[in-house]
Amino acid sequence: MHNFDFAKPTTIADAAKALAADGAQALSGGQTLIPTMKQRLAAPGVLVSLTGIAEMQGVCIGDGGLHIGAATPHAVVAKEAKAHYPALADLAGGIGDPAVRSRGTIGGSVANNDPAACYPSAVLASGATVVTNKRKIAADDYFQGLFTTALEEGEFITEVVFPIPQRAAYVKFNQPASRFALTGVFVAKFADGVRVAVTGAGNDGVFRWTEAEAALSANFSAAVISGLTVDPSGMNTDLHGSAAYRANLVKVLTGRAVTAAG
Amino acid sequence: MTKVFMTVNGKAVSGEVEGRTLLSSFLREGLGMTGTHVGCDTSQCGACVVHVDGKPVKSCTVFAADVAGASVKTIEGMANADGSLNVLQQAFQDHHGLQCGFCTPGMVMSSAALLAENPKPSEAEVRHYLDGNICRCTGYHNIVKAVMAASGQDVSALAAE
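The listed protein sequences derive, respectively, from chains A and B.
Heads up: the first sequence begins at 82 in our numbering, then just goes up one per residue.
Heads up: the second sequence begins at 309 in our numbering, then just goes up one per residue.
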């Protein structure tokens, strides 16, 4: 990989200053960025590690629900979110493998917005708020397609705030080699309705399945899903599964997630 | 180049690194500690797993500069003080948990991390935890058996291959 200057600020303000430099790139756990740099698909001049910033670490209940610092590793979310938001903790505990979960962070995953990553589905299904060093962004405005988000140059996520649903579950169909979601569905039932977000399947990244949301808001039961159809035209096709296969997975996994949510 | 300081297997160490120097390279080339193996260099195989502040990480996917100041434990730090194999290492030997041995450092480090947080794992929990460690000899049955035995559980009923 190409060499770079390395910086590790300890405050959000210092990180913002460092990231204002030309060619600067934020580094969180590095579980995606470092392999990407090894392939020379990214070659930042300055890499700014966000893992040394205490105010971006940890899980706590606060205004608006569960606050998770952007630099909190998946393993910590799996443990510390369990009592407050078990479906989110389960999702975090199922990402990659234990060593990846020691390093990879929620902020890194949400900033990267990989179309097969787990976290974007939880953020979108929960109607979470993505907090950056500059502003607060609603999940519905944040995700903008494959690896594309509302983040601007020099902007980075500092925390994600999750409203806590009455019931929720995440069910993922693993791609066993990459450990990403071939398809994953997060279902969250709130007092005012149900939200369903799908990762791994859509050819434009994470999306809400609004038809299922309407049906489940009227009747929160896996049976109502069997009457719906998913249009395969918006789904990914690759060597692991066709668009029709993924469309079917969306339906099957949504039903399973509703059952798991209880 | 910048100078980094860290603790490796209880000893204070330091060395000059570039920004791009991986922890695995710092250990192997900087400190000459070649027990940590690099198998795939793409964070798939787990041969390079070491502990950073008690947590298992893939050292090929962490920059040395990013873990400056940390306490690192490698396979070289696993033996007992008198140089004899520790319980987990001895169990790998007793139960033929290694064939070519290339994946073994990572398998031992991941297994040690598992036993630290879950001292009596079930067979399914061992298999699940070792998801990120690949054995190119496919010797998984005996690896799982060794980890179960090291946790003090009866392994006579487990599959032996």
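From the three backbone atoms N, C-alpha and C, an ideal C-beta is built for every residue, glycine too.
Problem set entry | Beta-carbon gap between A/A180 and B/P364 smaller than 7 Å | Numbered from its first residue, the first sequence carries residue 180 of chain A at position 99. Numbered from its first residue, the second sequence carries residue 364 of chain B at position 56. Contact flag set, yes.
Exercise. When the cut-off is 7 Å and only beta carbons count, does A/A180 lie next to chain B?
Worked result: In the first sequence, the residue the question calls residue 180 of chain A occupies position 99. Yes, A/A180 lies at the interface with chain B (some Cβ there is under 7 Å from its Cβ).
For this session: Pick out the complete alpha helix (DSSP H) segments inside the region 186-241 of chain A, 4 residues or longer, and give them in chain order.
Result: As far as the region 186-241 of chain A is concerned, its whole alpha helix (DSSP H) runs of at least 4 residues are 187-193, 200-207 and 220-223.
Exercise. What residue does the beta strand (DSSP E) around B/E337 start on, and which one ends it?
Worked result: Here residue 337 of chain B refers to the residue found at position 29 when the second sequence is read from its first residue. No beta strand (DSSP E) contains B/E337, which DSSP labels as neither H nor E.
Exercise. Could you give the C-beta distance for A/A124 and A/F237, rounded to a whole number, given that I count them as a contact under 8 Å?
Worked result: To locate residue 124 of chain A, count along the first sequence from 1; it is residue 43. To locate residue 237 of chain A, count along the first sequence from 1; it is residue 156. About 19 Å; that fails the 8 Å criterion.
Problem set entry | Contacting positions in the region 99-123 of chain A - beta carbon closer than 8 Å to chain B | L108, G111, Q112, I115, P116, M118 and K119
For this session: Consult DSSP for A/I93 and reduce its assignment to one of helix, strand or coil.
Result: Position 12 of the first sequence holds residue 93 of chain A. A/I93: helix per DSSP, three-state reduction.
For this session: State the Cα-Cα distance for the pair B/C445 and B/G405, rounded to the nearest angstrom.
Result: The sequence position of residue 445 of chain B within the second sequence is 137, counting from 1. The sequence position of residue 405 of chain B within the second sequence is 97, counting from 1. Cα-Cα distance, rounded: 11 Å.
For this session: Helix, strand or coil for A/F301, going by three-state DSSP, please let me know.
Result: Your numbering for residue 301 of chain A matches position 220 in the first sequence. In the structure shown, A/F301 sits in coil (DSSP, three-state: anything other than H, G, I, E or B).
Exercise. So is B/C356 buried or exposed if we call it buried at 16+ other beta carbons inside 10 Å?
Worked result: As a position in the second sequence, residue 356 of chain B is number 48, starting the count at 1. B/C356 is buried by the Cβ-count criterion.
For this session: Consider the Cβ of B/Y448: report whether some Cβ of chain A lies at a distance smaller than 7 Å.
Result: Along the second sequence, one-based indexing puts residue 448 of chain B at 140. Cβ-Cβ to chain A under 7 Å: no for B/Y448.
Exercise. Between which two residues does the beta strand (DSSP E) containing A/D86 stretch?
Worked result: Translated into the one-based positions of the first sequence, residue 86 of chain A becomes position 5. Counting along the chain, the beta strand (DSSP E) containing A/D86 begins and ends at D86 to A88.
Exercise. What's the C-alpha gap between A/G274 and A/P257?
Worked result: Along the first sequence, read from residue 1 onward, the residue named residue 274 of chain A stands at position 193. Along the first sequence, read from residue 1 onward, the residue named residue 257 of chain A stands at position 176. Cα to Cα, A/G274 sits roughly 33 Å from A/P257.
For this session: Please decide whether A/M82 counts as near chain B, where near means a Cβ-Cβ distance under 7 Å.
Result: Stepping through the first sequence from its first residue, residue 82 of chain A is reached at position 1. Yes, A/M82 counts as interfacial toward chain B.
For this session: Could you work out which residues of chain A lie near B/R328, taking near to mean beta carbons separated by less than 8 Å?
Result: Here residue 328 of chain B refers to the residue found at position 20 of the second sequence. Correct list: M82, H83, N84, F85 and M118.
For this session: Rounded to whole angstroms, what's the CA-CA distance from B/E469 to B/K453? Just pull it up for me.
Result: For the purposes of this step, residue 469 of chain B is identified with residue 161 of the second sequence, where counting begins at 1. For the purposes of this step, residue 453 of chain B is identified with residue 145 of the second sequence, where counting begins at 1. Legend: pLDDT at B/E469 = 49, less than 50; position of this residue unreliable, no value from coordinates given.
Problem set entry | Closest residue to B/G362 among B/S351, B/V375, B/Q352 and B/C368 (Cα-Cα distance) | Indexing the second sequence from 1 puts residue 362 of chain B at position 54. Of the listed residues, the one whose Cα sits closest to B/G362 is B/V375.
Exercise. What in chain B is Cβ-close to A/S130, meaning under 9 Å?
Worked result: Within the first sequence, residue 130 of chain A is the residue found at index 49, counting from 1. Neighbours of A/S130 on chain B, chain order: F371, A373 and D374.
For this session: Consider the Cβ of B/S351: report whether some Cβ of chain A lies at a distance smaller than 7 Å.
Result: On the second sequence, position 43 is the one that residue 351 of chain B refers to. It does; some Cβ of chain A falls within 7 Å.
Exercise. In terms of DSSP beta bridges, what is A/V266 paired with?
Worked result: Locating residue 266 of chain A in the first sequence gives position 185, counting from the first residue. Paired residue(s): A/V252 and A/V279.
Exercise. Do you know how far the Cα of A/E292 is from the Cα of A/N329?
Worked result: In the first sequence, counting from the first residue as 1, residue 329 of chain A sits at position 248. In the first sequence, counting from the first residue as 1, residue 292 of chain A sits at position 211. Distance between the alpha carbons of A/N329 and A/E292 is about 15 Å.
Exercise. Comparing alpha-carbon positions, which option in B/N450, B/L423 and B/G447 lies nearest B/Y437?
Worked result: Position 129 of the second sequence, counting from 1, holds the residue named residue 437 of chain B. Among B/N450, B/L423 and B/G447, the Cα nearest to that of B/Y437 belongs to B/L423.
Exercise. Residues in its own chain within less than 8 Å of A/I142 by CB, not counting five upstream and five downstream?
Worked result: Here residue 142 of chain A refers to the residue found at position 61 when the first sequence is read from its first residue. Excluding residues within five positions, the ones whose Cβ falls inside 8 Å are H148 and H165.
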